[in-house]
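Peer 1:
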Amino acid sequence: MPAILLDGRAFARELREELQRDVAQFVQQTGGLRPQIGVVQVQGDAAAEKYVRTIRKLCDSMGVAFRLERLPVDVSQSRLDATIDRLSRDTTVHGVLIEMPLPRPLSAEKAILQLDHRKDVDGIHPFNAGLLAQGRPALVPNTPAGALALLRRYDIDLTGRHVAMVGHSAVVGRPLAALLLAADATVTVCHEHTRNMAALLRECDVVAVAVGKAGLITADMLCTGVVVVDFGINVLPDGQVVGDVDFAAVVEIARAITPVPGGTGPVTNVMLLRNVFLSAQRQMAL
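Here the sequence shown is numbered in the numbering used here, starting from 16 and rising by one per residue.
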């Protein structure tokens with residue numbers, strides 16, 4: 016029997032409806048104050064422009080205020096840092112998002128350190144990463160947080176399960192591994208230097224993949240009944256968007272799988288605004 020599709024689009028709609036209610040209640044409690052996100056964008060990246068438009072549209076539909084600080088492509092590090100610092104100090108801004116990647120020679124590390132960690136709605140500040148690693152409450156990166164929420168939506172219990180995370184990036188692999196540990200899963204992190212990865216993956220109940228290589232994970236590398244979370248977004252020469260997993264083959268042996276597109280992606284943006292709302296709640300002591 017083909018796998019259950021973990022439908023991120025349907026789940027994202029549920030999350031949006033819930034968040035709309037929460038934001039409306041927040042506005043009522045604060046006498047009309049809306050949660051506000053400040054986005055810092057350095058011009059010159061078409062994909063970033065598209066993403067910012069998506070976030071603005073989502074904010075409008077959620078009742079979240081949107082503020083954009085658009086900087087020229089040749090902006091200096093000092094001006095970028097000052098912009099982030101100004102938004103961090105602005106009490107009307109509850110969350111700050113730095114649109115990545117930054118063009119060279121700008122330093123993302125320096126820019127991130129200008130963030131007030133309490134407004135770090137992308138969960139990228141070292142302070143929040145440290146809290147997450149310790150299993151303490153923190154603002155968590157949106158993509159892994161969304162994936163975990165999606166698994167819970169489909170009643171996939173991670174307690175005691177052996178989970179493999181293929182990929183160890185700072186924005187997906189590492190934070191997801193920490194979240195999985197907090198969910199009492201047994202976690203193995205794999206990467207390009209992992210030996211005998213196929214044999215290892217065949218022992219796992221759940222496999223998450225975030226590498227950026229189409230068709231990296233094939234059906235013969237997985238056990239029957241596995242749950243697969245595919246974060247990959249790869250555009251083929253014919254324009255087709257696919258994940259890191261050979262979907263057509265794996266869907267026949269898996270228990271459940273996220274499609275690409277339509278799996279983890281739609282949930283990520285809603286989780287971003289959820290972080291803005293949570294940050295606003297904490298700052299207003301509600």
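A virtual CB, placed ideally from N, CA and C, is assigned to each residue, including glycine.
Under 8 Å, do F41 and A300 count as touching if we go by C-beta distance?
Peer 2: Taking the sequence shown and counting its residues from 1, one reaches residue 41 at position 26. Taking the sequence shown and counting its residues from 1, one reaches residue 300 at position 285. Not in contact: F41 and A300 (Cβ atoms no closer than 8 Å).
Peer 1: Where does N211 fall in DSSP's three states?
Peer 2: Numbered from 1 along the sequence shown, position 196 holds the residue referred to as residue 211. If DSSP states are grouped into helix, strand and coil, N211 belongs with coil.
Peer 1: Is it true that the region 168-184 meets the region 210-219, where meeting means three or more beta-carbon pairs spaced less than 8 Å apart?
Peer 2: yes
Peer 1: Report yes or no: do three or more beta-carbon pairs, one from the region 227-247 and one from the region 198-208, lie closer than 8 Å?
Peer 2: Contact check between the region 227-247 and the region 198-208: fewer than three CB pairs, one atom from each, fall below 8 Å, which does not count as touching.
Peer 1: Identify, in the order they occur along the chain, each residue of the same chain with its Cβ nearer than 7 Å to the Cβ of D89, setting aside the five sequence neighbours on each side.
Peer 2: By one-based count along the sequence shown, residue 89 stands at place 74. Counting only Cβ-Cβ distances below 7 Å, and skipping sequence neighbours, we find nothing.
Peer 1: In the DSSP assignment, find the beta strand (DSSP E) that holds L117 and state where it starts and stops.
Peer 2: On the sequence shown, position 102 is the one that residue 117 refers to. Where L117 is concerned, there is no enclosing beta strand (DSSP E), given that its DSSP letter is neither H nor E.
Peer 1: With a 10 Å radius around its C-beta and 16 neighbouring C-beta atoms as the bar for buried, classify G280 as buried or exposed.
Peer 2: Taking the first residue of the sequence shown as 1, we reach residue 280 at position 265. G280 comes out buried.
Peer 1: Starting from L195 and walking both ways along the alpha helix (DSSP H), at which residues does that stretch end?
Peer 2: Here residue 195 refers to the residue found at position 180 when the sequence shown is read from its first residue. It spans G188 to A197 - the alpha helix (DSSP H) in which L195 sits, taken as one unbroken run.
Peer 1: On the premise that V186 lies in contact with I127, defined as a C-beta separation below 8 Å, what is that separation, rounded to the nearest angstrom?
Peer 2: As a working mapping, residue 127 is identified with position 112 in the sequence shown. As a working mapping, residue 186 is identified with position 171 in the sequence shown. In fact, because the Cβ distance is near 12 Å, the residues do not count as touching under 8 Å.
Peer 1: Could you name each continuous alpha helix (DSSP H) segment of 4 residues or more that falls completely within the region 76-137, going from the start of the chain to the end?
Peer 2: Taking only runs of at least 4 residues, the alpha helix (DSSP H) segments lying wholly in the region 76-137 are 92-104 and 123-128.
Peer 1: Is the beta carbon of A271 less than 8 Å from the beta carbon of V291?
Peer 2: The sequence position of residue 271 within the sequence shown is 256, counting from 1. The sequence position of residue 291 within the sequence shown is 276, counting from 1. For A271 and V291, no; Cβs fall outside 8 Å.
Peer 1: Could you pull out every residue in the same chain whose Cβ sits closer than 6 Å to the Cβ of H206, ignoring the five residues on either side in sequence?
Peer 2: Translated into the one-based positions of the sequence shown, residue 206 becomes position 191. For H206, where only same-chain residues beyond five positions count, the Cβ hits under 6 Å are H183.
Peer 1: Pull up the DSSP beta-bridge partners for C205, would you.
Peer 2: The count along the sequence shown starts at 1 and reaches residue 205 at position 190. The partner list for C205 (beta bridge, DSSP) reads V181.
Peer 1: For G175, which three-state DSSP category applies?
Peer 2: Numbered from 1 along the sequence shown, position 160 holds the residue referred to as residue 175. G175: coil per DSSP, three-state reduction.
Peer 1: State the beta-bridge partners of V54 as determined by DSSP.
Peer 2: Your numbering for residue 54 matches position 39 in the sequence shown. BP columns for V54 point to L83 and L112.
Peer 1: Between F81 and the rest of its own chain, which residues show a CB-CB distance below 8 Å, the 5 nearest in sequence each way excluded?
Peer 2: Mapped onto the sequence shown, residue 81 falls at position 66. Cβ neighbours of F81 beyond the five flanking positions: Q51, I52, V54, I70, R71, C74 and D75.
Peer 1: Over the uninterrupted alpha helix (DSSP H) stretch that includes A264, give me the two end residues.
Peer 2: As a position in the sequence shown, residue 264 is number 249, starting the count at 1. Taken as a continuous stretch (DSSP letters only), the alpha helix (DSSP H) holding A264 covers F262 to V265.
Peer 1: If we ignore side chains and look at the alpha-carbon of each, how far apart do V257 and G47 end up?
Peer 2: Reading the sequence shown from its first residue, position 242 is the one you call residue 257. Reading the sequence shown from its first residue, position 32 is the one you call residue 47. A direct Cα-to-Cα measurement between V257 and G47 gives close to 43 Å.
Peer 1: With burial defined as no fewer than 16 other Cβ atoms inside 10 Å of the residue's Cβ, what is the status of G188: buried or exposed?
Peer 2: As a working note, residue 188 is residue 173 in the sequence shown. Buried, by the Cβ-count rule.
Peer 1: Q58 to C238, Cα distance in whole Å?
Peer 2: Numbered from its first residue, the sequence shown carries residue 58 at position 43. Numbered from its first residue, the sequence shown carries residue 238 at position 223. Using only the alpha carbons, I get a separation of about 45 Å.
Peer 1: Check the Cβ-Cβ distances between T209 and every residue of chain D, and say whether any is below 8 Å.
Peer 2: Among the chains of the structure shown, chain D does not appear; only one protein chain is present.
Peer 1: Would you call the region 151-169 and the region 17-24 in contact, with 3 or more CB pairs under 8 Å?
Peer 2: In short, these stretches touch, since the Cβ pair count reaches three.
Peer 1: Let me know the alpha helix (DSSP H) ranges lying completely inside the region 234-273, each 4 residues or longer, listed in chain order.
Peer 2: 262-265
Peer 1: Looking at S103 and K125, is the spacing between their C-beta atoms short of 8 Å?
Peer 2: The count along the sequence shown starts at 1 and reaches residue 125 at position 110. The count along the sequence shown starts at 1 and reaches residue 103 at position 88. Not a contact, by the Cβ cut-off of 8 Å.
Peer 1: Straight-line CA distance for G310 to P17?
Peer 2: Only positions 16 to 301 of the chain appear in the structure, and residue 310 is not among them; the question remains open.
Peer 1: What did DSSP end up calling L293 once you bin it into helix, strand or coil?
Peer 2: If you number the sequence shown from 1, residue 293 lands on position 278. Here DSSP, grouped into helix, strand and coil, assigns L293 to helix.
Peer 1: My guess is that V155 and L130 are in contact by the Cβ rule of under 8 Å, so how many angstroms apart are they, rounded?
Peer 2: For the purposes of this step, residue 155 is taken as residue 140 along the sequence shown, with counting starting at 1. For the purposes of this step, residue 130 is taken as residue 115 along the sequence shown, with counting starting at 1. That belief does not hold up - the Cβ atoms of V155 and L130 are roughly 15 Å apart, past 8 Å.
Peer 1: Whole angstroms is fine: what's the gap from I248's alpha carbon to R28's?
Peer 2: Translated into positions along the sequence shown, residue 248 becomes position 233. Translated into positions along the sequence shown, residue 28 becomes position 13. Rounded to whole angstroms, I248 to R28 spans 21 Å at the Cα level.
Peer 1: Suppose you measure from the CA of F142 to the CA of I268; what does that come to, to the nearest Å?
Peer 2: Position 127 of the sequence shown holds residue 142. Position 253 of the sequence shown holds residue 268. Whole-angstrom Cα-Cα distance: 40 Å.
Peer 1: Inspect the beta-carbon positions of V108 and L83 and report whether they are closer than 8 Å.
Peer 2: The residue labelled residue 108 in the question sits at position 93 within the sequence shown. The residue labelled residue 83 in the question sits at position 68 within the sequence shown. Going by C-beta atoms, V108 is not nearer than 8 Å to L83.
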